[in-house]
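A.B. asks:
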Amino acid sequence: MQTLRIFISSPGDVSQERQRAREVIDSLRRRYSRSFFLSPIFWEDLPLEPDMSFQQGIDVVLSSQGVDIAVFILWSRLGSAVGSSIPKADGTEYRSGTEREYDLMMQARGVTRETEGKPRPAMLVYTRRDDASFAEALRTAGSTAEQKKLLHQKELVESFIQETFQDSESNTNIGAYISFDRPSTFSQRLRTHLQAKLDEIAGGIDIAIWDTHNQGPPFLGLAAFQPKHADVFFGREEEILEARNALRQKAAEGCAFLLLSGASGSGKSSLACAGILPEIVRSETCPSGSMESTAGTIWLTLILTPAELAPDPITALVRRLTGEGLLPGLHTDEKTLEQLVEGLRKDAAAIFPWTIKKALADIPGRDGESRMLIVLDQLEELFTSSNITPEARLEFLNVIEVFARSGSIWIVATLRSDFYQQLQSEPALVRMKEGRGLLDVLPPRTDSLQRVIEEPARLAGLVYESRDGLALSSRILKDAAPHAELLPLLEFVLRELYENRADERQLTFAAYDALGGVEGALANRAEETFAGLPPDSQQALERVLRSLVTLGTESADGSRTEKAVRQYAPLSRFENDLPAKFLIDRFISARLFTTGQVENSHEPAVSVAHESLLRVWKRAMKWKDKNLDFLRTRARIASRMKEGSPLLTGDPLLEAARTSLASHAADFTTEQREWVVEAVSNADSAAKRVVFRRRVAFATLSALTLVAIAGGGVAFASYRVAKRESEKSERSAQMIGDAHESSSRLMADVLVDLRAKLEPAGQAGALEDTQRWVYEHFSESEFPGDDADSLHMRSVALNSRGYLARKTGDYAAAEDYYTRSLAIRMKLLAMDPDKPLYQHNLAIAHDNLGDLHLTKGQAAGLADQDQEYKAAIGEFREALKLSKKLTELPDATRQWFDDLAVSHLKVGGALFVASDVKNAEVELLAGFPIAEKVAKSDDSYPKWQANLGYYCLQLGNYYSWTTQPDKARPYLLRSKSIFEELDRKKQMTRQYAKWQAELTTALLDIE
1285 MQTLRIFISS PGDVSQERQR AREVIDSLRR RYSRSFFLSP IFWEDLPLEP
1335 DMSFQQGIDV VLSSQGVDIA VFILWSRLGS AVGSSIPKAD GTEYRSGTER
1385 EYDLMMQARG VTRETEGKPR PAMLVYTRRD DASFAEALRT AGSTAEQKKL
1435 LHQKELVESF IQETFQDSES NTNIGAYISF DRPSTFSQRL RTHLQAKLDE
1485 IAGGIDIAIW DTHNQGPPFL GLAAFQPKHA DVFFGREEEI LEARNALRQK
1535 AAEGCAFLLL SGASGSGKSS LACAGILPEI VRSETCPSGS MESTAGTIWL
1585 TLILTPAELA PDPITALVRR LTGEGLLPGL HTDEKTLEQL VEGLRKDAAA
1635 IFPWTIKKAL ADIPGRDGES RMLIVLDQLE ELFTSSNITP EARLEFLNVI
1685 EVFARSGSIW IVATLRSDFY QQLQSEPALV RMKEGRGLLD VLPPRTDSLQ
1735 RVIEEPARLA GLVYESRDGL ALSSRILKDA APHAELLPLL EFVLRELYEN
1785 RADERQLTFA AYDALGGVEG ALANRAEETF AGLPPDSQQA LERVLRSLVT
1835 LGTESADGSR TEKAVRQYAP LSRFENDLPA KFLIDRFISA RLFTTGQVEN
1885 SHEPAVSVAH ESLLRVWKRA MKWKDKNLDF LRTRARIASR MKEGSPLLTG
1935 DPLLEAARTS LASHAADFTT EQREWVVEAV SNADSAAKRV VFRRRVAFAT
1985 LSALTLVAIA GGGVAFASYR VAKRESEKSE RSAQMIGDAH ESSSRLMADV
2035 LVDLRAKLEP AGQAGALEDT QRWVYEHFSE SEFPGDDADS LHMRSVALNS
2085 RGYLARKTGD YAAAEDYYTR SLAIRMKLLA MDPDKPLYQH NLAIAHDNLG
2135 DLHLTKGQAA GLADQDQEYK AAIGEFREAL KLSKKLTELP DATRQWFDDL
2185 AVSHLKVGGA LFVASDVKNA EVELLAGFPI AEKVAKSDDS YPKWQANLGY
2235 YCLQLGNYYS WTTQPDKARP YLLRSKSIFE ELDRKKQMTR QYAKWQAELT
2285 TALLDIE
């Protein structure tokens, strides 16, 4: 077989690119394995004689054996000087060996152009544009002399490029070179360019390498690629190289662990099993700690999933290690195995060297070092499996960490990206992925998708039909590129094209159009299969999907959306449901459903083959919308069961669970049914016990309400007497004013609620006396005179009237009352600028106006909202400044600190509704520690506890509304705890109950 020689010329500053070039050439070998053998040539691999200089030896080898493709890589060094022994044609010295090698290749092209009619070798020149890394190299240089050497070499590179590829007079390029910014970009471009050159040299490749009769189709549809499919696994070459380099570095650092994280359907499992595993076995042949080896390394491989290892992962792992021809030295008797398991559980690091590592070293009939590569696929099952306890998970991951740090075992794990947060809660995983231990698996690029489409077909001897100059492969690529994140859809349509090919070789447009293209193929297959079912089996689809589908969340761009997620259901559930069983069998035959095992019992089970089906099949999407309430309820029940959070009376989920259980009892697990039944029973019993108490309470409340309204005048008269007889101290004046304002607001609230209840019932007349009493109360509060006390009480009364006007929707009157109160309080502060009472009251006045503008903004049209919100923010900020000034006084009261926290809360809330989300968070977080401190200063005072609970509620709402539920949940749960404690202490007020109701809704929104 012909050998194609690819020479890599590069100075020592691009060592990573040199390694990438070697790996790219290695990975391209299988493509051309039936045409020629690819041989990379690096100077360190050449048989150089000791009586020649390096450059003379390189010249001899290159001249005598020839080169087919020459690749030059440059960055900040041009290379070592050649000296006068090898001059240029004009007698001058070469600036470096790189320049000499370039000249030698150009001379060869001139000769072959004359002798063969075609220049050879093909040449590719790459230059790295990375000024930041060069600046860092200069900064870390050991001396000025070293810096000068670096700068001199950089100047040589730039002058070589300018003289070789650019015309000095016109400043235009006369030769082609390719720029790149980092090693990974270089390898991507080199692969594309080399493949184009090699295809040209090969002159077309149509020899089948993949035997479809013995090896199966080259496309796997919805199934994951396995090691046996490595030869037809394409499109992830760069990720494979990244993974190999990362694992090699991690192994050198003492922890050979790599985590592949990506979305569902991103191809993590295929990458691990058909890409990384075969590449490691094929390429990592040197024993640990050495660069060369005569015997080489022998790799043992093992692919596992946590579900297969449940419920005791360590025991199951040891049994897998002793089977499948892996480590026979471990297998003696049951007692020895139990001792090994117990030893790993207690102290894996101590027992590993003389058990598993020894068994690796003592494999009979093998020369060289034995190592093992374990693929731990679908790592999220450690967190989702109900049959793996947190303790078992912790022990298992500790064992895996010992394996990864042993020097004998490499670990590749895959994890769905939406489970990454759970990973961070496991110390062993966090430690193992440090450094380069994490590789994000992103949707493939367009050039990668092209290889996914074209390469397996070519290796299998398949041909895409062309129509009007357009190949079917190009049409598929165009359709697939916008949906690269749905890689299984592409694989499915390619598999269907193969199954529907016109003859043994051709994949046709007609078949592709009949399938409905990339998006329609899977949906059409499902619909065709469904249409072929008898009516009773079609009707069974709903109950089958209720067993196979649950509800999950998906994160994208900071947002979270509900999505249908597959789950396994035991096949035994459908034994007596013949229509459902018939449907399941047909869908399995169509590769739309797949079989597996239930996690805890390992009994045979069935599930949807891939979640993509649930996203593209209209019938499934309609079913999801129709059953959304049930799915959401069942998912929340499962979540609450896992949290250990019971369903209590008044919990909205309780009623939803009761309804769903009545209509779909068979679609809950036994454990879920029992849990819901117990909760419903407890709630019903509790309800019966409180019926009598409610009746008594209602009668008492009615009497107290009438007394409260009719007694308003008495309360006010008592207040007037208390005021006249009180000391004229500032603190007592403030207390009197606050008490008056609180009682006034209470009466205003009662009046507003009565109006809301009586006017719709045609009983507005009953309001007249009550309204008259309230207005008399406000009027009598407006004391005449210009003394400070009268002004103070008049401002209080105006505030009360403004509050009532705002609550009843008379915003013009409210603004008039509030503005008049503000003017009085500004006058009082001018009379005595240092008096805290007046500063405090002025802050309240600004706060009231802010509330009014915020209310008006929320009720206004879009044209007026911005103006009202801006005014509200301004008023709240004025209140904030005054409150802050009060808290800086030596005798600052806790109430003033509470006011300051509330001011931060109001500013933050107003900023949020005005869409200034970033600054809103700043304000909310600024006031929260203050509210905490106030509440902590007196845990027996319900007002401050309730205010903290409300602050937690608002922070939770903020993070929920900005789609950050993980941040929202702790605040909402803390708020829940505070209000439950107030309720337990019988300290709940009407306002606190309203806040608690808001909290219940907020908690439901993030479940």
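Using our numbering, you'd call the opening residue of the sequence shown number 1285 and step up by one each time.
Heads up, the beta-carbon is just placed ideally off N, CA and C, and yes, glycines get one too.
1. Assuming I1658 is part of the beta strand (DSSP E), what are its boundary residues?
2. Along the beta strand (DSSP E) that carries D2182, what are the first and last residues, could you check?
3. I need the straight-line Cα distance from L1440 to A1425, nearest angstrom please.
4. Taking the alpha-carbon positions, what's the Q2275 to P2174 distance?
5. Pick helix, strand or coil for N1457, following the three-state DSSP scheme.
6. In terms of alpha-carbon separation, which member of F1866, R1412, T1496 lies closest to R1361?
7. Taking Cβ to Cβ, would you say W2279 is nearer than 8 Å to G2240?
8. Grab me the residues of D1731's own chain with a C-beta within less than 8 Å of its C-beta, minus the 5 sequence neighbours each way, in chain order.
9. Contact between the segment 1901-1920 and the segment 1828-1837 is defined here as three or more beta-carbon pairs at a separation below 8 Å; is this criterion met?
10. Cα separation between E2097 and A2089?
11. Nearest to L1756 by alpha carbon, out of G1801, Y1386, F1444?
12. Quickly, what does DSSP pair Y1748 with across the bridge? List them, please.
13. Can you list, in chain order, the residues of its chain whose CB lies under 7 Å from that of Y1748, leaving out five sequence neighbours each side?
14. Tell me whether A1634 is buried or exposed, calling it buried when 16 or more other Cβ atoms sit within 10 Å of its Cβ.
15. Return helix, strand or coil for R1677, following the three-state DSSP convention.
16. For D2223, which of helix, strand or coil comes out of DSSP?
17. Under three-state DSSP, which class holds F1326?
18. Determine the DSSP secondary structure at L1829, reduced to helix, strand or coil.
19. DSSP three-state call for T1585: helix, strand or coil?
20. Is it true that the CB of G1721 sits closer than 8 Å to the CB of F1264?
21. Would you mind working out which of L1628, M1925, E1887 sits nearest V1683, comparing C-alpha positions?
22. Ignoring anything shorter than 3 residues or poking outside the segment 1674-1726, list the beta strand (DSSP E) runs there in chain order.
23. Inspect the CB distances between the segment 1377-1395 and the segment 1313-1323 and report whether three or more fall short of 8 Å.
24. Bridge partners of S2321, per DSSP?
25. Please list the segments of the alpha helix (DSSP H) lying wholly inside the segment 2217-2272, counting only runs of 4 or more residues, in order along the chain.
26. Provide the residue(s) that pair with K1433 in DSSP beta bridges, ordered along the chain.
27. Compute the beta-carbon to beta-carbon distance between P1590 and L1666, rounded to the nearest angstrom, for a pair I have assumed lies under 8 Å.
28. Spell out a yes or no on whether the segment 1456-1470 and the segment 1292-1305 are touching, meaning 3 or more CB-CB pairs, one atom from each, closer than 8 Å.
29. Return yes when the Cβ of D2182 is within less than 8 Å of the Cβ of N2125, no when it is not.
30. Please go through the same chain and pick out, in chain order, the residues whose beta-carbon is closer than 7 Å to the beta-carbon of E1383, but skip the five residues on each side of it.
31. To the nearest angstrom, how far is the alpha carbon of Y1410 from that of F1449?
32. Report yes or no: do three or more beta-carbon pairs, one from the segment 1502-1514 and one from the segment 1671-1686, lie closer than 8 Å?
33. For S1891, write down the residues that DSSP places opposite it in a beta bridge.
34. Whole-angstrom Cβ separation of R2104 and L2082, contact assumed at under 8 Å?
35. Smallest Cα separation from L1266: which of S1965, L1781, A1919, K2111?
36. Quick check: P1854 and A1889, are their CB atoms within less than 8 Å of each other?
C.D. replies: With the given structure in hand:
1. 1653-1660
2. Not the beta strand (DSSP E): D2182 falls in the alpha helix (DSSP H), residues 2178-2197.
3. 19 Å
4. The alpha-carbon atoms of Q2275 and P2174 are separated by roughly 32 Å.
5. In the three-state reduction of the DSSP assignment, N1457 falls in the strand class.
6. R1412
7. no
8. Q1472, T1476.
9. Because the criterion of three Cβ pairs below 8 Å is met, the segment 1901-1920 and the segment 1828-1837 touch.
10. For clarity, residue 2097 is Ala in the given sequence; the question names Glu instead. Near 6 Å, if we compare the C-alpha coordinates of A2089 and A2097.
11. G1801
12. Residue pairing by DSSP places Y1748 opposite L1791 in a beta bridge.
13. A1741, A1755, L1756, S1757, L1791
14. exposed
15. helix
16. D2223: coil per DSSP, three-state reduction.
17. coil
18. helix
19. strand
20. No statement about residue 1264 is possible, as the shown extent of the chain runs from 1285 to 2291 and does not include it.
21. L1628
22. 1693-1700, 1722-1724
23. Cβ pair count under 8 Å is below three, so no.
24. With the chain covering only 1285 through 2291, there is no way to say anything about residue 2321.
25. 2226-2245, 2249-2268
26. Paired residues: none, contrary to the question.
27. 5 Å
28. yes
29. At least 8 Å separates the beta-carbon of N2125 from that of D2182.
30. L1362, F1444
31. 12 Å
32. no
33. The bridge partners DSSP lists for S1891 are T1878.
34. Contact flag correct, Cβ pair sits at about 5 Å.
35. Residue 1266 cannot be examined here, being either before or after the span of the chain that is shown, 1285 to 2291.
36. yes
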